[in-house]
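Novice: Sharing a structure with you now.
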Amino acid sequence: MSDPAPSARRGRHASPEDRTTGPLPGNGSARPVPPRWTDGQERAAHPSAPLPDLPPRPPGAWSRMQRRTDVGRDDDATVAQPLTAGPRLHPDDDHGTAHPDPHGWDDEHESTGGLEVLGASGADDHRRFRRGHGDDGHDGEGGGGRRSGRRRSPLAVVLSLVVLVGLVAGIVFGGKALIDLVNPPSQDFAGQGSGSVEVRIAVGDTLSDIARSLVDAGVIASVGPFVDAAETEPAARGIQPGVYAMRSEMSGQAALDLLLDPATRLFSRVTVPEGFTVQQILQRLSEGTQTPVEELQAAAGDHAALGLPAYANGQLEGFLFPATYDFQPDDTPTDMLRAMVGRFTETAATIQLEQRAAAAGRSVFDIVTVASMIQSETRLDEERVDVAQVVYNRLGQGIPLGIDATLAYGLGKNGNDLTVTDLQTDSPYNTRTRAALPPTPISSPGEASLEAALSPSAGNLLYYVLESEDGKHFFTADYAEFMAARERCAAAGLGCGG
Numbered sequence: 084m085s086d087p088a089p090s091a092r093r094g095r096h097a098s099p100e101d102r103t104t105g106p107l108p109g110n111g112s113a114r115p116v117p118p119r120w121t122d123g124q125e126r127a128a129h130p131s132a133p134l135p136d137l138p139p140r141p142p143g144a145w146s147r148m149q150r151r152t153d154v155g156r157d158d159d160a161t162v163a164q165p166l167t168a169g170p171r172l173h174p175d176d177d178h179g180t181a182h183p184d185p186h187g188w189d190d191e192h193e194s195t196g197g198l199e200v201l202g203a204s205g206a207d208d209h210r211r212f213r214r215g216h217g218d219d220g221h222d223g224e225g226g227g228g229r230r231s232g233r234r235r236s237p238l239a240v241v242l243s244l245v246v247l248v249g250l251v252a253g254i255v256f257g258g259k260a261l262i263d264l265v266n267p268p269s270q271d272f273a274g275q276g277s278g279s280v281e282v283r284i285a286v287g288d289t290l291s292d293i294a295r296s297l298v299d300a301g302v303i304a305s306v307g308p309f310v311d312a313a314e315t316e317p318a319a320r321g322i323q324p325g326v327y328a329m330r331s332e333m334s335g336q337a338a339l340d341l342l343l344d345p346a347t348r349l350f351s352r353v354t355v356p357e358g359f360t361v362q363q364i365l366q367r368l369s370e371g372t373q374t375p376v377e378e379l380q381a382a383a384g385d386h387a388a389l390g391l392p393a394y395a396n397g398q399l400e401g402f403l404f405p406a407t408y409d410f411q412p413d414d415t416p417t418d419m420l421r422a423m424v425g426r427f428t429e430t431a432a433t434i435q436l437e438q439r440a441a442a443a444g445r446s447v448f449d450i451v452t453v454a455s456m457i458q459s460e461t462r463l464d465e466e467r468v469d470v471a472q473v474v475y476n477r478l479g480q481g482i483p484l485g486i487d488a489t490l491a492y493g494l495g496k497n498g499n500d501l502t503v504t505d506l507q508t509d510s511p512y513n514t515r516t517r518a519a520l521p522p523t524p525i526s527s528p529g530e531a532s533l534e535a536a537l538s539p540s541a542g543n544l545l546y547y548v549l550e551s552e553d554g555k556h557f558f559t560a561d562y563a564e565f566m567a568a569r570e571r572c573a574a575a576g577l578g579c580g581g
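Numbering (this note's numbering), first residue to last: 84 to 581.
Put into structure tokens, the structure is as follows:
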């Protein structure tokens, strides 16, 4: 190959014309060669070379820095409108003459240039920032801008205060109305009231329950005053169940005072003695409660309604417990008798009547029957266990009991009214002729007699006879001693007979 031309050797680059074509590597074919510049041209195009000077900007045109600075101004006409391509209008140009941007900064260029252009919301945020941090309270740079906030008129301020006061008042009064609805205010009548109102207080009623009953009956105006008065009075805790004669429209304190007066409680107090028969009890109830005895007798016949225990074998005799009862004005005959049967079952549970009868090898019904005879034979509690011993010893030996009270019960007579003929009566209740218990109890035994029937004294006693006017008896296991004591009783006129 010949040497290149001298011009090519002297210069760093060949001319563009010299390097447009040349052989391809390997096959000698020609290939295009990129143009090369001269030294002067290369310096102008090299990245490290300074840019050529720009032509001077027309007087009315914006600079990019000005646009960036003025984006945040509080000028709605300027900030809210996005920059568009084409001629730009300078804000100071009174005639609105359009001047083309010599740099050709179109919208796409500006939108990708960082923070130069902000949207409407961004402009608003920037305005708020400037309003909150401005030195002089004005928009813009210098004192020529508008105020950042609008000043409210005095009328608007007054109206706002009126609305606020109305809202507060509505909350206060509405809340009070709601509280009063849930918890009514404690109203109270004045004075002692008038008229007559019966109010029933049930078992287990609290002071608040009693107060509500009084409110419902029109006795007091509200619960509060009564409860307040009752909580400072210890005796109020002892108000008993029952029906009370109250008055209408009383103060809470006056109502409490009347309830604590024993005379206010309406009830019939009836005492049923130990040893009374069913017929005697019904007569006592009739007299004490002003209830017709026929109504009481009818109620006594309805055993299922009285709650008799199964061991009573359908018999009412012996299972009306002797005690003092307070009956309310609206208690029915059935209510009265049921209360007495209930008292018996309560006592039976207390003394474990069923368990102890079974342990002694006897039925509860027989225990009650023996207890009823013990109740009729002596009025001294210390003698009851000995009477029980005599009964069980005689039954065990097959000896007739000889208790005239059983025969008197069968005949419907008083024991002191028996005649010689009565003693010969063929009756299951005649224990002079039968060596067994009568078919039913003959009276209502008390707790002491029931205890004696369950736990008799130990020994071989077979006889007893009255020996003094105070009701004391002489007990013995010897028949001769018994006959001698009997003669002493007759001589003293104690009613021992011949």
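We put the CB at the ideal spot given by N, CA and C, even for glycine.
Let me know if Pro345 comes out buried or exposed under the rule of 16 or more other beta-carbons within 10 Å of its beta-carbon.
Specialist: exposed
Novice: So, under 8 Å CB-CB, Ile482 and Thr514 are touching, yes? Tell me the CB distance rounded to an integer number of Å.
Specialist: The C-beta distance from Ile482 to Thr514 rounds to 10 Å, too long to meet the 8 Å contact threshold.
Novice: Excluding the 5 residues flanking Gly397 on each side, which residues of the same chain have their C-beta closer than 8 Å to its C-beta?
Specialist: His386, Leu391
Novice: Cβ atoms of Ile322 and Leu342: under 8 Å apart, would you say?
Specialist: yes
Novice: Judging by CA-CA distance, which residue of Pro524, Asn543, Asp449 is the nearest neighbour of Asp469?
Specialist: Asn543
Novice: Out of Gly444, Asp449, Gly287, Gly274, state which residue places its alpha-carbon closest to the alpha-carbon of Glu332.
Specialist: Gly274
Novice: Between the alpha carbons of Ala454 and Ala319, how many angstroms are there, rounded?
Specialist: The straight-line gap from Cα to Cα measures roughly 41 Å.
Novice: State the DSSP-derived secondary structure class of Met333, mapped to helix, strand or coil.
Specialist: coil
Novice: With DSSP collapsed to three states, give me the class of Leu250.
Specialist: helix
Novice: Name, in chain order, the residues that DSSP records as bridge partners for Thr559.
Specialist: Note: Thr559 sits in a beta bridge opposite Tyr546.
Novice: Taking DSSP as the reference, what is the three-state secondary structure of Thr489?
Specialist: Here Thr489 sits in helix by DSSP.
Novice: For Pro412 and Ser351, I'd like the C-alpha separation in whole angstroms.
Specialist: 7 Å
Novice: How many Å lie between Gly578 and Gly554 at the Cα?
Specialist: 12 Å
Novice: On the criterion of 16 or more Cβ atoms from any shown chain inside 10 Å, does Met456 qualify as buried, or is it exposed?
Specialist: Answer is buried; the Cβ neighbour count reaches 16.
Novice: Mark Leu242 as exposed unless 16 or more other C-beta atoms lie within 10 angstroms of its C-beta, in which case mark it buried.
Specialist: exposed
Novice: CA-CA distance, Gly479 and Phe558?
Specialist: 18 Å
Novice: Could you check whether the segment 560 to 576 touches the segment 489 to 503, counting it as contact only if at least three pairs of C-beta atoms, one from each stretch, sit closer than 8 Å?
Specialist: no
Novice: Quick check on the DSSP output: the alpha helix (DSSP H) that includes Ile450 runs from which residue to which?
Specialist: 447 to 460
Novice: Return the residue from the list Ala294, Ala441, Ser369, Thr360 that minimises the CA-CA distance to Ala336.
Specialist: For clarity, residue 336 is Gln in the given sequence; the question names Ala instead. Closest option to Gln336, Cα to Cα, is Ala294.
Novice: If you drop the 5 nearest sequence neighbours on each side, which residues of the same chain put their C-beta closer than 6 Å to that of Leu290?
Specialist: Val310, Ala313
Novice: Starting from the C-beta of Arg383, find all residues in its chain whose C-beta is less than 7 Å away, skip the five residues before and the five after it, and write them out in chain order.
Specialist: The amino acid at residue 383 is misidentified as Arg; the sequence shows Ala. Counting only Cβ-Cβ distances below 7 Å, and skipping sequence neighbours, we find Val361, Leu365, Leu399, Leu420.
Novice: Compare the Cα-Cα distances from Met329 to each of Glu316, Pro317, Met566, Leu349 and report the closest residue.
Specialist: The candidate whose alpha carbon is nearest that of Met329 is Leu349.
Novice: Would you kindly report the start and end of the unbroken beta strand (DSSP E) that includes Tyr408?
Specialist: DSSP places Tyr408 in the uninterrupted beta strand (DSSP E) bounded by 407 to 410.
Novice: In terms of residue numbering, what span does the beta strand (DSSP E) encompassing Thr289 cover?
Specialist: Note, Thr289: premise wrong, no beta strand (DSSP E); not H, not E.
Novice: Grouping DSSP H, G and I as helix and E and B as strand, with all else coil, what is Ala541?
Specialist: coil
Novice: Buried or exposed: which applies to Pro237, given that a residue is buried once 16 or more other Cβ atoms fall within 10 Å of its Cβ?
Specialist: Pro237 should be labelled exposed.
Novice: Exposed or buried, Thr523, counting other C-beta atoms within 10 Å across all chains shown (16 or more means buried)?
Specialist: buried
Novice: With a CB to CB cut of under 6 Å and the five nearest residues on each side skipped, what residues in its chain are close to Met423?
Specialist: Excluding residues within five positions, the ones whose Cβ falls inside 6 Å are Leu403, Phe404.
Novice: Between the segment 493 to 501 and the segment 431 to 442, are three or more C-beta pairs nearer than 8 Å?
Specialist: Under the Cβ criterion (8 Å, minimum of three pairs), the segment 493 to 501 does not count as touching the segment 431 to 442.
Novice: DSSP state of Tyr512, grouped into three classes?
Specialist: coil
Novice: Return the CA-CA distance between Pro174 and Val248, expressed in angstroms with no decimal places.
Specialist: Low local confidence applies: a pLDDT of 42 at Pro174 is under 50, so the model's placement there is unreliable, with the coordinate-based value given in what follows. Near 48 Å, if we compare the C-alpha coordinates of Val248 and Pro174.
Novice: Rounded to the nearest angstrom, what separates Ala300 and Leu389 at their Cα positions?
Specialist: 32 Å
Novice: Apart from the five residues just before and just after Ser304, which ones in its own chain have a Cβ nearer than 6 Å to its Cβ?
Specialist: Before going further, note that residue 304 is Ala rather than Ser in the sequence given. Cβ neighbours of Ala304 beyond the five flanking positions: Gln270, Asp271, Phe272.
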